[in-house]
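Report on the structure given below.
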């Protein structure tokens, strides 16, 4: 019998934000991928929003698409200060700080984060901004230029790549995790931050409302004033309410497990080939 085919497509970024893609990305997504998608028996993707985008841009029937959410690994958990301290020292990060984790590129909307951060510093200079993620010159240079333009060189720290084993400590040490992204296939750092007990601020764009649910604070992605107000709300919340929000985030993150992801993936394959 003919071979069965299952392909995983995580997101539709090259269709939604073509300006951030390479020539190879455009070749794959606009020429090779649509042809290949017509010949597959099933497609696995990582959020309901990505599923809708694949239906819209590649014309894949929804009946062929299976959603398997991602999850934060077991190492992402609440740590005591003594457990976090060595990793923070290795990264050269001092508390208190606001944290961002992800790639440094236009789609991540870091320019708006920097503008909002500058506004926050007008009423409190206590927090530094820590940006964790590898930098690609042609994508990340506008972010570095914005830091200089706003005079934030002494307050914004770019750590570059951080080893996976040190990331939980950085989430734990943060007074706030902020994820201003314009588009995500899933947005895994949001769940990782929640699992580590960090308060989360996120844009309600693409799949991020699906991932963060009611366990995060939301703001408008194109309005630094909206982000500034959200930052103020989080930092001025009474301690009891703040602790309740942290507990809600930890509990919410536990709904997403790699066991469940594996079960859904196996079910997809069984549906195509029959029992394994």
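Residue numbers (our numbering): 3 to 278. Quick reminder that beta carbons are idealized off the backbone N, C-alpha and C, glycines included. Source: prediction; values computed, not measured.
Looking at residue j and residue i, is the spacing between their C-beta atoms short of 8 Å?
i, j, result
"residue 198", "residue 170", "yes"
"residue 45", "residue 56", "yes"
"residue 270", "residue 8", "yes"
"residue 186", "residue 152", "no"
"residue 162", "residue 137", "yes"
"residue 60", "residue 36", "yes"
"residue 33", "residue 212", "no"
"residue 194", "residue 74", "yes"
"residue 68", "residue 159", "no"
"residue 214", "residue 176", "no"
"residue 206", "residue 220", "yes"
"residue 172", "residue 231", "no"
"residue 255", "residue 196", "yes"
"residue 274", "residue 6", "yes"
"residue 2", "residue 174", "This structure cannot settle anything about residue 2, because the visible part of the chain is limited to 3 through 278."
Excluding five sequence neighbours on each side, which residues of the same chain lie with their C-beta closer than 6 Å to the C-beta of residue i?
i, result
"residue 72", "48, 188 and 190"
"residue 266", "70"
"residue 39", "60 and 62"
"residue 10", "46"
"residue 259", "73"
"residue 12", "48 and 187"
"residue 86", "171, 174 and 175"
"residue 18", "185"
"residue 128", "98"
What is the C-beta distance between residue i and residue j, in whole angstroms, given that I count them as a contact (C-beta under 8 Å)?
i, j, result
"residue 229", "residue 79", "No, residue 229 and residue 79 are not in contact; Cβ-Cβ is about 28 Å, not under 8 Å."
"residue 134", "residue 164", "5 Å"
"residue 218", "residue 204", "5 Å"
"residue 312", "residue 93", "This structure cannot settle anything about residue 312, because the visible part of the chain is limited to 3 through 278."
"residue 109", "residue 15", "7 Å"
"residue 122", "residue 233", "5 Å"
"residue 77", "residue 64", "About 35 Å separates the two Cβ atoms, so there is no contact after all."
Beta-carbon within less than 7 Å of residue i's beta-carbon, same chain only, minus the 5 sequence neighbours each way: which residues are those?
i, result
"residue 2", "Because residue 2 is not part of the residues shown, which for the chain are 3 to 278, the question remains open."
"residue 2", "Nothing can be reported for residue 2, as the shown portion of the chain is limited to 3 through 278."
"residue 222", "228"
"residue 84", "none"
Kindly list the residues whose CB is nearer than 8 Å to the CB of residue i, restricted to its own chain and excluding five residues on each side of it in sequence; keep chain order.
i, result
"residue 112", "102, 106, 133, 145, 148 and 182"
"residue 23", "15, 16 and 31"
"residue 263", "70, 71, 72 and 73"
"residue 250", "216 and 217"
"residue 26", "none"
"residue 66", "42, 43, 44 and 45"
"residue 253", "217"
"residue 116", "131, 145, 148, 149, 152, 154 and 158"
Touch test, the region 179-189 against the region 88-105, Cβ-Cβ under 8 Å, three pairs minimum: yes
Note down, one range per segment and in chain order, each beta strand (DSSP E) of at least 3 residues found wholly within the region 180-240. Segments of the beta strand (DSSP E) lying fully in the region 180-240: 202-205 and 219-221.
Please give me, in chain order, every unbroken run of the beta strand (DSSP E) with length at least 3 that falls completely inside the region 139-172. 158-162
Length at least 3, wholly inside the region 31-61: the beta strand (DSSP E) runs in chain order: Fully enclosed beta strand (DSSP E) runs of no fewer than 3 residues occupy 44-47 of the region 31-61, in order along the chain.
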